[in-house]
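**Q** Number 1433 marks the last residue of the first sequence (my numbering); no jumps. Every residue, glycine too, gets a C-beta built ideally from N, C-alpha and C.
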Amino acid sequence: MKTPLNFIHAIIEEDIKNNKNESRVHTRFPPEPNGYLHIGHAKSICLNFGTAAKYNGLCNLRFDDTNPVKEDVEYVDSIQEDVKWLGFDWGDRMYYASDYFEQIFQYAVDLIKKGKAYVCDMTAEEIGSNRGTPTKPGTESPYRNRTVEENLDLFQRMRAGEFADGVKVLRAKIDMASPNMHMRDPILYRILHTEHHRTGNQWCIYPMYDFAHGQSDSIEKITHSICTLEFEVHRPLYDWFVKELGIFAPQQIEFARLNLNYTVMSKRKLLQLVQEGLVNGWDDPRMPTICGLRRRGFTPESIRNFAETIGVAKRDNVIDVALLEHCVREDLNKKAMRVMAVLRPLKVVIDNYPENQTEELDAINNPEDETMGSRKVPFSKVIYIEKDDFMEDAPKKYFRLSPGAEVRLRYAYYITCNSVIKDENTGEILELHCTYDPATKGGSSPDGRKVQGTIHWVAAETAVEAEVRLYDRLFVNEFPENVEEGVDYKVNLNNNSLEKITAFVEPFLMGSKLDQKFQFERIGYFCVDKDSVESKLVFNRTVSLRDSWNKNK
RNA sequence: UGUCCGAUAGUGUAAUUGGCAACACGACAGUCUCUGGAUCUGUAGACUCUAGGUUCGAACCCUAGUCGGACAACCA
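(1) Measure the C-alpha to C-alpha separation of residue 1432 and residue 1279 and round it to an integer number of angstroms.
(2) Nearest CA to the CA of residue 1148: which residue from 916, 1386 and 1235?
(3) With the cut-off set at 8 Å, would you say residue 909 and residue 929 are in Cβ contact?
(4) So residue 1283 and residue 1262 are supposed to be a Cβ contact under 8 Å. How far apart are they, rounded?
(5) Once DSSP output is grouped into helix, strand and coil, what is the label at residue 1361?
(6) Select from 997, 1343, 1002 and 1005 the residue whose C-alpha is nearest the C-alpha of residue 1028.
(7) Can you tell which of 1397, 1393 and 1011 has its C-alpha closest to the C-alpha of residue 1416?
(8) Please return the same chain residues whose Cβ sits closer than 8 Å to the Cβ of residue 1387, not counting the five positions on each side in sequence.
(9) Among 985, 1369 and 1268, which has the Cα closest to the Cα of residue 1087?
(10) Please report the residue range of the beta strand (DSSP E) in which residue 1148 lies.
(11) Shortest alpha-carbon distance to residue 1167 belongs to which of 920, 1306, 1399 and 1071?
(12) Bridge partners of residue 1250, per DSSP?
(13) With residue 1197 and residue 1245 assumed to form a contact (beta carbons below 8 Å), what rounded beta-carbon distance in angstroms separates them?
(14) Is residue 1177 helix, strand or coil when you go by DSSP?
(15) Closer than 6 Å by C-beta to residue 1239: which residues in its own chain qualify, once you throw out the five before and the five after it? Chain order, please.
(16) Is the distance from the Cβ of residue 1106 to the Cβ of residue 959 below 8 Å?
(17) Looking only at DSSP bridge pairs, what is residue 1380 linked to?
(18) So residue 955 is in the beta strand (DSSP E); what residue range does that whole segment cover?
(19) Kindly give me the distance between the Cβ atoms of residue 1136 and residue 1195, rounded to whole angstroms, as I take these residues to be in contact under 8 Å.
(20) State the CB to CB distance for the pair residue 1397 and residue 1177, rounded to an integer number of angstroms; the pair is presumed to be in contact (CB under 8 Å).
(21) Are residue 1097 and residue 1130 closer than 8 Å when you measure CB to CB?
(22) Between which two residues does the beta strand (DSSP E) holding residue 1242 run?
(23) Compare the beta carbon distance of residue 1063 and residue 1071 with 8 Å and say whether it is the shorter of the two.
(24) Taking all protein chains shown into account, decide if residue 1281 is buried (16 or more other Cβ within 10 angstroms of its Cβ) or exposed.
(25) Can you name, in chain order, every residue of its own chain whose Cβ lies under 7 Å from the Cβ of residue 1117, other than the five neighbours on each side?
(26) Quick check: the Cα distance between residue 1191 and residue 1305, rounded to an integer number of angstroms?
(27) Suppose you measure from the CA of residue 1354 to the CA of residue 1253; what does that come to, to the nearest Å?
(28) Which class does residue 1161 belong to by DSSP, given the choice of helix, strand or coil?
(29) Hey, how far is the Cα of residue 1180 from the Cα of residue 1169?
(30) Compare the C-alpha of residue 1058 against each of 1049, 1011, 906 and 1032 and name the closest.
(31) What first and last residue would you give for the beta strand (DSSP E) that runs through residue 1225?
(32) Kindly list the residues whose CB is nearer than 7 Å to the CB of residue 898, restricted to its own chain and excluding five residues on each side of it in sequence; keep chain order.
(33) Quick check: the Cα distance between residue 881 and residue 936, rounded to an integer number of angstroms?
(34) With DSSP as the reference, label residue 1120 as helix, strand or coil.
(35) Taking C-alpha atoms, which residue in 1009, 1264, 1271 and 1033 lies nearest to residue 1018?
(36) In terms of residue numbering, what span does the alpha helix (DSSP H) encompassing residue 934 cover?
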């Protein structure tokens, strides 16, 4: 069976067939180290590294670090960690645009010498207003016709630090009347007396992204520069630089960025959520960041599979977060060990079970994977079950415990509920009294009688308390950014996106380690949080299991 | 009133490049089950944005239009 090609791979296969670049495929993932990577970047990472792997090519990791005022090593470290965690390897090809500053400076000198760039003394405001609008042409800078010698001298003096921030810029001399705004004498270099996280104080002028990105790709001999749609309008400019400079020409191909409903994806907004304390840091499990998803319990495989499933195209798209959730479930279903945990405990006393007796019952660790073996679960007279698993006046289709009904305790016994003890004042159900059938040990009866439901439980005596963090969507609105003029999108924040509860878990979980993943049977998938310690376990709910009974209501 | 890009079931992506519109998720129904999970089976759901044209034949090519998106940072 041949898998259909996305449009980028179709282009690449055509290029290979035509022996373009000696049929070489070389991509790159070029983040700016000014924030943490999110699921949208994951799409790009999977695309770039995945494409290289598919065509026996290479993929570089390159930091586009041309703006020292926003960038930081904290981000370059986290980006490397996240790309690695996703399962990709850039080998020895980790680069920085700042590695090329000298070369890029020379490119600028070349342009000046060719009369294609000039130093402009206008202020930012003047340049802005002279640029015109998309429908009106701009006007030319009065400095546009400085001589090559003067430009060369001024540009060298900019580099030497003779001028203050903002008083001069280097601009390309292209066409102030171009219908493409990016061709209206774009700024190439600006003065920034700011220490760079890598080059220190070596430079006080820095190239703009537009003057660095394409050339960086060119220097690295990138064959296919895959980027998002908003850079489509920049492509003529990159091509202009390549042509004027006479350097290797990468081919830029643009694709539509990922959008997820109930989620914001812009770095600016994510930063804001962090800075305003609306979430607990970049790796808050509610964040769509890669580190957030990791802490939430997502696996790299599930994210890669998600990227594969959503495909690549040019039209705008909004993916349902439910698809992302489906991808984790699918992966965790195969891998996660099953255990029992009771989130909202209801005490059950089994009246006819001997006092002080404890049994070790066999439980299968993963019915999807025999090799994961089995374990022992202690059982005794007093147990906890889920509050939801009991109903005093149960509807016909309710298969769990109710007065007079018999259910199976998973891997244990059949029990029947005899009486309900309630708080006299509030009517709240405090405990249940049941009897068990000793012949049903292990969960099946010798007489072959069927029970409607199977519920999970934890023996009270050996139960371990654990903090469980239940996460919900960060936003209540499907499109949180769709707000009326002047309204802050944060009004759409979900006030109940995090609920911390104390649960009882089976003792097996006692020694569980950071990032270990479990399925709490009948509830969902959970992982050990980094806040977890020996004396106080903390679990994050990655995603719930489907519950069709609840859904139908 | 500019330039560039896009438009296919609810959502996303395909369609051997001009030859019966398919797959996944979701929905619904059923099967199975010691997890109301998973599995398995099935059903519904699309005048392929509109109108013309080319053609034996158009989702695909052409023309015009409609709608949507991107672009006016010394950000990337």
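**A** On the basis of the data shown:
(1) Taking the first residue of the first sequence as 1, we reach residue 1432 at position 552. Taking the first residue of the first sequence as 1, we reach residue 1279 at position 399. Note that residue 1432 has pLDDT 45, beneath the 50 cutoff, so the model's placement of it is unreliable and no number is given.
(2) What you label residue 1148 is simply residue 268 of the first sequence in a count that begins at 1. The residue from 916, 1386 and 1235 with its alpha-carbon nearest to that of residue 1148 is 916.
(3) For the purposes of this step, residue 909 is identified with residue 29 of the first sequence, where counting begins at 1. For the purposes of this step, residue 929 is identified with residue 49 of the first sequence, where counting begins at 1. Contact: yes.
(4) Residue 1283 sits at position 403 when you count from the first residue of the first sequence. Residue 1262 sits at position 382 when you count from the first residue of the first sequence. Taking a contact as a CB-CB distance under 8 Å, the pair residue 1283 and residue 1262 does not count as one, their CB atoms being some 19 Å apart.
(5) Taking the first sequence and counting its residues from 1, one reaches residue 1361 at position 481. When secondary structure is reduced to three states using DSSP, residue 1361 falls in the coil class, being assigned neither helix nor strand.
(6) The residue labelled residue 1028 in the question sits at position 148 within the first sequence. Nearest to residue 1028 by alpha-carbon distance, out of 997, 1343, 1002 and 1005, is 997.
(7) Taking the first residue of the first sequence as 1, we reach residue 1416 at position 536. Among 1397, 1393 and 1011, the Cα nearest to that of residue 1416 is on 1393.
(8) Counted from its first residue, the first sequence places residue 1387 at position 507. So the qualifying residues of the chain are 1258, 1342, 1343 and 1344.
(9) For the purposes of this step, residue 1087 is taken as the residue at position 207 of the first sequence. The residue with the shortest Cα to Cα distance from residue 1087 is 985.
(10) Numbered from its first residue, the first sequence carries residue 1148 at position 268. If you look at residue 1148, you'll find it isn't in any beta strand (DSSP E); it sits in the alpha helix (DSSP H) that goes 1147-1155.
(11) Counting from 1 along the first sequence, the entry for residue 1167 is found at position 287. The residue with the shortest Cα to Cα distance from residue 1167 is 920.
(12) Locating residue 1250 in the first sequence gives position 370, counting from the first residue. None, per the DSSP bridge assignment.
(13) Counted from its first residue, the first sequence places residue 1197 at position 317. Counted from its first residue, the first sequence places residue 1245 at position 365. The pair is not a contact, with the Cβ atoms about 39 Å apart (cut-off 8 Å).
(14) Against the first sequence, residue 1177 aligns to sequence position 297. DSSP places residue 1177 in coil when its eight states are reduced to three.
(15) Position 359 of the first sequence holds residue 1239. For residue 1239, same chain residues with a beta-carbon under 6 Å away, outside a window of 5 residues either side, are 1259 in chain order.
(16) For the purposes of this step, residue 1106 is taken as the residue at position 226 of the first sequence. For the purposes of this step, residue 959 is taken as the residue at position 79 of the first sequence. No, Cβ-Cβ distance for residue 1106 and residue 959 is not below 8 Å.
(17) Residue mapping note: residue 1380 aligns to position 500 of the first sequence, counting from 1. Looking at the DSSP assignment, residue 1380 forms a beta bridge with 1349.
(18) In the first sequence, residue 955 corresponds to position 75, counting from 1. DSSP places residue 955 outside any beta strand (DSSP E); the residue lies instead in the alpha helix (DSSP H), whose first and last residues are 953-966.
(19) For the purposes of this step, residue 1136 is identified with residue 256 of the first sequence, where counting begins at 1. For the purposes of this step, residue 1195 is identified with residue 315 of the first sequence, where counting begins at 1. About 6 Å; that satisfies the 8 Å criterion.
(20) Sequence index remark: in the first sequence, residue 1397 carries index 517 (1-based). Sequence index remark: in the first sequence, residue 1177 carries index 297 (1-based). Indeed, because the Cβ distance is near 6 Å, the residues count as touching under 8 Å.
(21) In the first sequence, residue 1097 corresponds to position 217, counting from 1. In the first sequence, residue 1130 corresponds to position 250, counting from 1. Yes, Cβ-Cβ distance for residue 1097 and residue 1130 is below 8 Å.
(22) Taking the first sequence and counting its residues from 1, one reaches residue 1242 at position 362. Start and end: 1238-1244.
(23) In the first sequence, the residue the question calls residue 1063 occupies position 183. In the first sequence, the residue the question calls residue 1071 occupies position 191. Inclusion of residue 1063 and residue 1071 in the CB contact set at 8 Å is not warranted, their separation being larger than that value.
(24) If you number the first sequence from 1, residue 1281 lands on position 401. Looking at its Cβ environment, which holds 16 or more other Cβ atoms inside 10 Å, residue 1281 is buried.
(25) For this step, residue 1117 is matched to residue 237 along the first sequence. So the list reads 1062, 1063, 1066 and 1090, once near-sequence residues are dropped.
(26) Taking the first sequence and counting its residues from 1, one reaches residue 1191 at position 311. Taking the first sequence and counting its residues from 1, one reaches residue 1305 at position 425. Taking the Cα positions, residue 1191 is about 58 Å away from residue 1305.
(27) The residue labelled residue 1354 in the question sits at position 474 within the first sequence. The residue labelled residue 1253 in the question sits at position 373 within the first sequence. Going from the Cα of residue 1354 to the Cα of residue 1253 covers about 37 Å.
(28) Taking the first sequence and counting its residues from 1, the one referred to as residue 1161 is at position 281. Annotated three-state conformation of residue 1161 is coil, per DSSP.
(29) Here residue 1180 corresponds to residue number 300 of the first sequence, with the count starting at 1. Here residue 1169 corresponds to residue number 289 of the first sequence, with the count starting at 1. Straight-line Cα distance between these residues: approximately 13 Å.
(30) Taking the first sequence and counting its residues from 1, the one referred to as residue 1058 is at position 178. Of the residues 1049, 1011, 906 and 1032, the one whose Cα lies closest to the Cα of residue 1058 is 1011.
(31) Within the first sequence, numbered from 1, the residue matching residue 1225 stands at position 345. From DSSP, the beta strand (DSSP E) with residue 1225 extends over 1225-1230.
(32) Your numbering for residue 898 matches position 18 in the first sequence. Closer than 7 Å at Cβ, skipping near neighbours: no residue.
(33) To locate residue 881, count along the first sequence from 1; it is residue 1. To locate residue 936, count along the first sequence from 1; it is residue 56. Reliability fails at residue 881, whose pLDDT of 40 lies under 50, so the model's placement of it is uncertain and no value is given.
(34) For the purposes of this step, residue 1120 is taken as the residue at position 240 of the first sequence. Residue 1120 falls in the helix class under three-state DSSP.
(35) As a first step, residue 1018 is located in the first sequence; it is residue number 138 there, counting from the start. Minimum Cα-Cα distance from residue 1018 among the listed residues 1009, 1264, 1271 and 1033 corresponds to 1009.
(36) In the first sequence, counting from the first residue as 1, residue 934 sits at position 54. Segment 919-934, the alpha helix (DSSP H) holding residue 934.
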